[in-house]
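I have placed the structure first, in the form of structure tokens, so that the comments after it can refer back to it.
In my numbering, the protein residues as written are 472 to 545.
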């Protein structure tokens, strides 16, 4: 009986955590898409962005997917 209660608790905790993570992921994607849209509205906005932490250049393909290419350092 006790193990059944513990198992149900663990399953419910896992489901709750997964729902939270999926909602968080959706919110982050929406935020990133809004930032990209705003950057494209700016006059002279460049479609390539440099990721500050990694030094990679991130450019968006027409369908909204990201292509990451290493920047050639000179």
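Beta carbons: idealized from backbone N, C-alpha and C, even for Gly.
Check: Express the C-alpha separation of residue 504 and residue 483 in angstroms, rounding to a whole number.; Outcome: 32 Å
Check: Spatial neighbours of residue 475 within its chain, please: C-beta separation below 8 Å, excluding the five flanking residues on both sides.; Outcome: none
Check: Leaving out five residues before and five after residue 477 in sequence, what residues of the same chain have Cβ atoms less than 8 Å from its Cβ?; Outcome: none
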